[in-house]
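Colleague:
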Amino acid sequence: MPTPSSSQHLPFGENKNAEWYGKDIISVKQFKREDLEYVFGVAHEMRGMVERVGTFDLLKGKILANLFYEPSTRTSSSFTAAMERLGGSVIPINEVKYSSVTKGESLPDTVRTLESYADVIVLRHPETGSAAIAAKAARKPVINAGDGTGEHPTQALLDTFTIFEELGAGLIDGMTVTMLGDLKYGRTVHSLARLLSLYKVRLNYVSPDILRMPKEVMDEVAEKNIPQAEFSSLEKVLSETDVLYVTRVQKERFEDPADYEKVKGAYVIDPAIMKAAKKDMIVMHPLPRVGEISTDFDDDPRAAYFRQMEYGLYVRMALLAMVLGKA
Ligand code: NCD
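For the sequence shown, the residue numbers in my numbering are 2 to 328.
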């Protein structure tokens, strides 16, 4: 957060009393149901503004440092687009190999450097817990864009926003959400299961035995009295599913490549399999996909994964405006 003396010189009036001003976004555990209503309300307004005017000056003069230690297409470019649609600008550090990280600079030092130039830092890093370490080192807000196999809170927020927009926010209580694929290493499902436990959903986890949802996540969800069930085959649960959340097997996180080979093609969603599913359900995927959803399914109205990316832009615009005191 800016010091009182520097804030006297700030040209743009932030609302420093706003609840999310200056906050880090590290875990979905920070969010209550009311917070989600607020985020999605702002995201909804952002959507309207983008549709009407495209770009506007809410964050004019603000700078985002996009610090990515792992590959990314959607998360990094949607944060860039979000900042630029709000009139701000971005320092992109997508290739840490060209930065001082290769000289051995520590994460806290890199973060302290970037906050000298930027107002908010978005961080993706291969180690679980790295976003919390960065947030401790930084005075400016840090947004976790994925910390190893830990969490991916902004993805879970956009995933939940997608469910609300596609199927109706009022219908979330009572829905059955089935998560499929790599539930062990997939950080998106770790965040999404935790976030959905704020609602009265039923969660099914379908995975190969070696890729089951971690006990830690299941225990946290169980504390909220959410019914959870594990399966190795999709057939048993597909027909009752309202949201099928498909994930990629996270090849880069396997200790033994032979294990990856055993499970890589475990599930493939295609039009034939989807005959057994409801007509008014949706199929989501954080993307990238590497074969777990056949492209033959893309034209099905239930295929929501491309729309899901667009919802991500509005949610990230909302989060940036919130932590910078403009929402
Ligand atoms: C996901 C990620 O990075 O965790 N991608 C994303 O942010 N949309 C999922 C993945 O890489 O499989």
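Just so you know, even glycine gets a beta-carbon here, dropped at the ideal spot from N, CA and C.
None of the values given here were measured: they were computed from a predicted structure.
Compute the Euclidean distance between the alpha carbons of residue 190 and residue 287, then round it to the nearest angstrom.
Modeller: 9 Å
Colleague: Mark residue 81 as exposed unless 16 or more other C-beta atoms lie within 10 angstroms of its C-beta, in which case mark it buried.
Modeller: buried
Colleague: Among the residues of its own chain, which have a CB less than 6 Å from the CB of residue 183, if the five just before and after it don't count?
Modeller: 212, 248, 250, 251
Colleague: Got a sec: does ligand 1 put a non-hydrogen atom nearer than 7 Å to the Cβ of residue 309?
Modeller: Within the chosen limit of 7 Å, ligand 1 does not reach the beta carbon of residue 309 with any heavy atom.
Colleague: Counting pairs of Cβ atoms below 8 Å between the segment 66–82 and the segment 117–127, do you hit three or more?
Modeller: Result yes; three or more Cβ-Cβ pairs closer than 8 Å.
Colleague: Can you confirm whether the segment 191–201 touches the segment 142–157 when touching is taken to mean that 3 or more C-beta pairs between the two stretches lie within less than 8 Å?
Modeller: Judged by pairs of C-beta atoms under 8 Å, the segment 142–157 touches the segment 191–201, as three or more such pairs exist.
Colleague: Taking the alpha-carbon positions, what's the residue 179 to residue 305 distance?
Modeller: 15 Å
Colleague: So, at 6 Å on beta carbons, what are the nonlocal neighbours of residue 3 in its own chain, with the 5 sequence-adjacent residues on each side left out?
Modeller: Its pLDDT being 41, under 50, residue 3 is placed unreliably by the model, and nothing is read from it.
Colleague: Using a threshold of 7 Å, is the CB atom of residue 254 nearer than that to any non-hydrogen atom of ligand 1?
Modeller: no
Colleague: Beta carbon of residue 68: closer than 7 Å to some heavy atom of ligand 1?
Modeller: no
Colleague: Sorted by chain position, which residues of the same chain lie with C-beta nearer than 8 Å to residue 6's C-beta, five sequence neighbours on each side aside?
Modeller: Any reading at residue 6 needs caution, since the residue's pLDDT is 41, under 50, leaving its predicted position unreliable; the model's value is listed next. Contacts found: none.
Colleague: Based on the DSSP secondary-structure assignment, which residues constitute the bridge partners of residue 93?
Modeller: 67
Colleague: Check residue 119 in the structure and name its three-state DSSP category.
Modeller: coil
Colleague: Are at least three pairs of beta-carbons, each pair with one atom in the segment 55–64 and one in the segment 290–303, less than 8 Å apart?
Modeller: no
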